[in-house]
Amino acid sequence: MDIPMTGAPGKIQTEGDAITSLNEIKDSLNQLTDTIGVLKGTLRTVNSLNDGVKGTLPDVSRMITSGEDTAQSARTLVDSTRGMSDIVTQGVDDTLDQITKTEETVYETFNVLGNISDTSADAAINTLKAMESMTSAMITQLNSFGKLLNDINTKLPVKLTDVTQIQQDLGAAVKQQQDLLVKLQSAEKTVKETRRLPGDMKDDIGDSLSLAYNTISDINNFYKGKVEVPLKDSLDKTYDALGTTAGALGSIGNLVGQIDTTLTSVNTSSQSLIEALDSSLNLINKSQERVDDMINEVNKIADNKQLNKIMDIMKNDPERFSDFMMKPTDMQTNKIYPVENYGSAMAPFYTILAIWVGGLILVALLKTKVEPSRAEGLKLYETYFGRYLTFMLLGIFQALVVSLGDLYMLKIQCLEPGKFVLAAVIASIVFTNITYSMTVSFGDVGKAIVVVFMVIQVAGSGGTFPIQVTPKFFQMVNPLLPFTHLINAMRECVAGLYENAYWIDIRNVLVYIPLSLLVGIVLRKKVLELNEFFEEKLSQTGIM
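Position in the sequence shown (from 1) plus 31 gives the number in our numbering.
Put into structure tokens, the structure is as follows:
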């Protein structure tokens, strides 16, 4: 028997529909609780009858030696317990009906899920947990039911082959329920992490539910059609056989032992099923609590005006809602300072970097100190400026080569070519002054400092990517670096000037000239002796 999934694909379930469905599930759980209570009462009745019969068995044994009176008493005992076959078969029937009803409840609970959103994800998680609890109870009930049938069948004079078929089907049903439990747990994990339940996962669970329900329904129909009546007849025939052989005192002794063993097995199986029903009842009570929580969550959602507005749009104009989800905003780009290509955009950074590297190469190739024989009678600042002029002129030449090459060989976009060349010349003057001052004051150590300073500027100037995405340290030192202001000045020339931004950047970078003069002239006197000592020791090592 196939149960169709309620709700067409794409249909939107309102808050009222969801609450109604949840209340129906709650009523079904209440009915299921009542059914379990009745079934437990039936099983306890069976156990009580069994205990009464077992209590009389010792008396039957003692009556074996009393001849005809004993036989008559045994026949009376068999006749008094003949109706127990109806109780046993009815108990098995009730157990199977309760299992089927539990599976229907799991199926109906799944149909409540609907479409899951951020606001309904918590309620969906509770629903999945309730389904997991009921599925676990279903596995326990199926195993207990299979054990009960097996115990009864093994005690019959002739085993029923159809009972063996049902036990195989029960094994398949347990496997299906275990697979369903794994899928429900996976769905719960997915909803917790993504706040959504993918459609393919939902369809897979629905298919598993349909398959599991159909299997249990087939077992129920098979039992009622092929097993229930033969089982009752077999039990009745057992009692007939007991009645026929009641006159044989020796046989009665053996039958007493068999009856006692059979009743003990039935008692054990019934008690196991009662315990399984108690466990199921606890799980159903927890499921009822979760259903109540889901109703409260849905009620909260129903009070959300914004969500209600979205629901109205989804119901009344789904195409409009779909268009909004695909394209929530209309973007319009207005380029105020457009740049033609990537090369033009990156030209300021690489031009400034090339000028700095050119200054670094100059101090590496040319001597920064004047020989003592040629510096006789000259003051320190005179030797400083006399030698620096050579570095400055060569640096200006390098800057012209780089900037003019950008403009006329690479043909970058540049709206202010004159200011672009001027920025390159100023950059060369500032950079050669810095590298020359550090080298003339600190020697080889100064060259190393210049290299480190270059690395910091490459990372902290914002030349390749926005400074806002760099670590906090580089954001702090960014305004203090000469690269920053010179790159910004050249960008003004490439894309277009904004008020006095170009001249402000030029002014800011010129501040480094007095600072480098301070290092190259004033501080040089303080570190000259220390630097000469260091260079002497370094030369003794033979490394440099």
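All residues carry an ideal CB built from backbone N, CA and C; glycine is no exception.
For residue j and residue i, believed in contact at Cβ under 8 Å, the rounded distance
i       : j       : result
Ser-59  : Thr-136 : 5 Å
Ala-154 : Leu-228 : Incorrect: roughly 12 Å between the Cβ atoms, too far for contact.
Ile-460 : Ile-498 : That belief does not hold up - the Cβ atoms of Ile-460 and Ile-498 are roughly 25 Å apart, past 8 Å.
Thr-171 : Ser-311 : 7 Å
Val-222 : Ala-161 : About 13 Å separates the two Cβ atoms, so there is no contact after all.
Lys-194 : Leu-173 : The amino acid occupying residue 194 in the given sequence is Val; Lys does not appear at that position. In fact, because the Cβ distance is near 15 Å, the residues do not count as touching under 8 Å.
Ile-537 : Ile-443 : Their Cβ separation, rounded to whole angstroms, is 20 Å, which puts Ile-537 and Ile-443 out of contact at 8 Å.
Ser-239 : Asp-210 : 6 Å
Min CB distance residue i to chain C below 8 Å
i       : result
Ser-310 : Included in the structure is just one protein chain, with no chain C present.
Outcome for residue i when other beta-carbon atoms lying within 10 angstroms are tallied against a minimum of 16
i       : result
Asp-437 : buried
Arg-522 : buried
Glu-306 : exposed
Lys-556 : exposed
Asn-184 : buried
Pro-363 : Residue 363 is actually Gln in this sequence, not Pro. Under this definition Gln-363 is an exposed residue.
Gln-571 : exposed
Asn-464 : buried
Arg-321 : buried
Glu-567 : exposed
Phe-564 : exposed
Tyr-368 : exposed
Phe-451 : buried
Gln-199 : exposed
Glu-99  : The predicted position of Glu-99 is uncertain, since its pLDDT is 49 and thus under 50; a value taken from the coordinates is nonetheless stated next. Exposed: under 16 other Cβ atoms inside 10 Å.
Val-500 : exposed
Pro-35  : For Pro-35, the pLDDT reaches just 41, beneath the cut-off of 50, and the residue's location in the model is therefore unreliable, leaving the point undetermined.
Phe-416 : exposed
Ala-168 : buried
Ser-79  : exposed
Leu-549 : exposed
Val-525 : buried
Val-260 : exposed
Glu-371 : exposed
Thr-466 : buried
Thr-225 : exposed
Gly-3   : Nothing can be reported for residue 3: it is not among the residues displayed for the chain, which extend from 32 to 575.
Short Cβ contact (8 Å threshold) for residue i with residue j
i       : j       : result
Ile-130 : Ile-197 : no
Ile-518 : Pro-379 : yes
Thr-140 : Thr-158 : yes
Val-471 : Gly-551 : yes
Leu-304 : Thr-126 : yes
Thr-382 : Ala-490 : no
Ser-468 : Ser-547 : yes
Val-558 : Lys-478 : no
Lys-57  : Gln-302 : no
Pro-513 : Tyr-533 : no
Val-486 : His-516 : no
Leu-191 : Leu-262 : yes
Residue i versus the options, residue with shortest Cα-Cα distance
i       : options                            : result
Leu-63  : Ile-367, Asp-231, Asp-128          : Asp-128
Tyr-9   : Gln-207, Gly-230, Val-260          : One cannot answer for residue 9 here, as it falls past the ends of the chain, which runs 32 to 575.
Gly-374 : Ala-161, Thr-66, Thr-495           : Thr-495
Phe-505 : Cys-524, Val-525, Phe-484          : Phe-484
Leu-446 : Pro-349, Leu-528, Glu-320          : Leu-528
Val-164 : Gln-488, Leu-314, Asp-124          : According to the sequence shown, residue 164 is Ser rather than Val. Of Gln-488, Leu-314, Asp-124, the residue nearest in Cα terms is Leu-314.
Asp-75  : Leu-180, Asp-309, Leu-242          : According to the sequence as given, residue 75 is Arg; it is not Asp. For Arg-75, the nearest C-alpha among the options comes from Asp-309.
Asp-609 : Lys-214, Ile-247, Met-325          : The question about residue 609 has no answer, for the chain in this structure spans 32 to 575.
Leu-431 : Ala-385, Tyr-368, Leu-546, Glu-371 : Ala-385
Leu-179 : Tyr-138, Ala-203, Asp-124          : Asp-124
Glu-402 : Thr-225, Leu-396, Arg-418          : Arg-418
Val-258 : Asn-330, Gln-319, Asn-181          : Asn-181
Gln-429 : Leu-391, Glu-413, Phe-514, Gly-177 : Leu-391
Gly-177 : Gly-202, Leu-242, Leu-191          : Gly-202
Val-482 : Asn-365, Tyr-254, Thr-295, Trp-387 : Trp-387
Phe-462 : Gly-449, Pro-545, Leu-409          : Pro-545
Can you find at least 3 beta carbon pairs, one from the region 509-518 and one from the region 415-433, that sit closer than 8 Å? Too few Cβ pairs lie closer than 8 Å, so no.
Sufficient close CB pairs (3 or more, under 8 Å) joining the region 232-239 to the region 209-218: The region 232-239 vs the region 209-218: in contact.
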